[in-house]
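Just below is one structure, and these are the notes that go with it.
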Amino acid sequence: DIFLQLTLSGLSQGAIFALIALSLTVVYRATTIVNFGHGDFVMAGAFFVYVLVIYAGLPYLLSSIFAILIMFGMGLGVSRGFIDPIKSGPHIGFAMMSISLGYVLRGGARFLWGREVFPMPRIFDMEPIFIGELVITGDVFFVSLIVAILLSVFFLIFYRTQIGIVIQAVYQSERGATLIGVNVRAFHQSMWGVGLAMGAMAGILIAPISLLHPDLGATFLIRGFAAMTLGGFGSLSGAVVGGLLLGFAEQIFGFYISSALQDITAYLIILAVLVIRPAGLFGRTITVRV
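Okay, here's the thing in structure tokens:
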């Protein structure tokens, strides 16, 4: 059945959108700052893996671990070196800083590799799985499985551990969190690290399917924002639901209406949500810094 196949494809792609949206939400929920350059950090994580696999000859899994650690360290550095110094300035400074950092990464990738498109090594080499008329490729199966595991782990951390309690405290009141002994500055830095590491995971999973190029992140950033907007800013579950719904909508609109709609579905969703329900499906209206 074509509808079931489209649903499967949409949800598998939506799972990656959900991971990007969740990595954006982690930083936002901890700092109330939206990282407008996040897509280029996603791209950087994928390129780190490419370099380690192709040029250094390391195994894919080991390269992925190194790339995630590198991006975690980069997140710490971004928070400490670029975000902390401008906290006393106007809020628009956060947006300009994150956009500038993203363009620096993209420009660096273009300087090194031009605008070429590189095939990433396949992560999983297995025969497609046939369930009736449904076809599940190895990449789709394992990527969806990995994303599901990652999302489950992060939800357990955020809602069932002491770290999650700290995140809730800082999100509700930085001053209150400071009064109970939380080092808010160090916490913000670590959450930037976690957010960029999660973005790297998304890039590592995306690149073998969509191919690798310096503009990879820009393509997926808007989808992450659309998922985040649909689910509700600051909502972890909303980021996941928004990503899955966006992936499904892209496939349905692209097939039943016009393939041209597939590229603008994210923009249409952002417009519709902001006009009809600005808080999103699971969000709440709050005053934020961007």
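Here the numbering used here is used: the first residue of the sequence shown is 29, the next is one more, and so on. The beta-carbon is built from N, C-alpha and C at its ideal position, and this holds for glycine as well.
For L86, the secondary structure class from DSSP, reduced to helix, strand or coil, is coil.
Judged by DSSP in its simplified three-state form, I157 adopts strand. Excluding sequence positions up to five before and after R213, its CB lies within less than 8 Å of the CB of D112, all in the same chain and listed in chain order.
For V222, same chain residues with a beta-carbon under 6 Å away, outside a window of 5 residues either side, are V54 in chain order.
Contact between the region 198-213 and the region 275-288 is absent: fewer than three C-beta pairs spanning the two stretches fall below 8 Å. Take Y56, set aside five residues on each side of it, and the residues of its chain with a beta-carbon closer than 7 Å to its own are V62, F261 and G262, in chain order. In the structure shown, the three-state DSSP call for F281 is helix. According to the DSSP assignment, I164 belongs to the beta strand (DSSP E) that extends over L162 to I164. Taking the CA atoms as reference points, P149 sits about 20 Å from L97. For T60, there is no enclosing alpha helix (DSSP H), as DSSP marks it with neither H nor E. F310 sits in coil when the DSSP states are folded into three classes, being neither helix nor strand. Listed as beta-bridge partners of F146 by DSSP are L240. The alpha carbon of M256 has as its nearest neighbour, out of L289, A43, L50 and R305, the alpha carbon of L50. Nearest C-alpha to G270 among S37, D29, F45 and L34: F45. Secondary structure of T189 (DSSP, three-state): coil. Just measuring C-alpha positions, the residue of D29, M219 and G65 sitting nearest E161 is D29. Between the region 245-256 and the region 78-87, the count of C-beta pairs closer than 8 Å stays below three; the two stretches do not touch.
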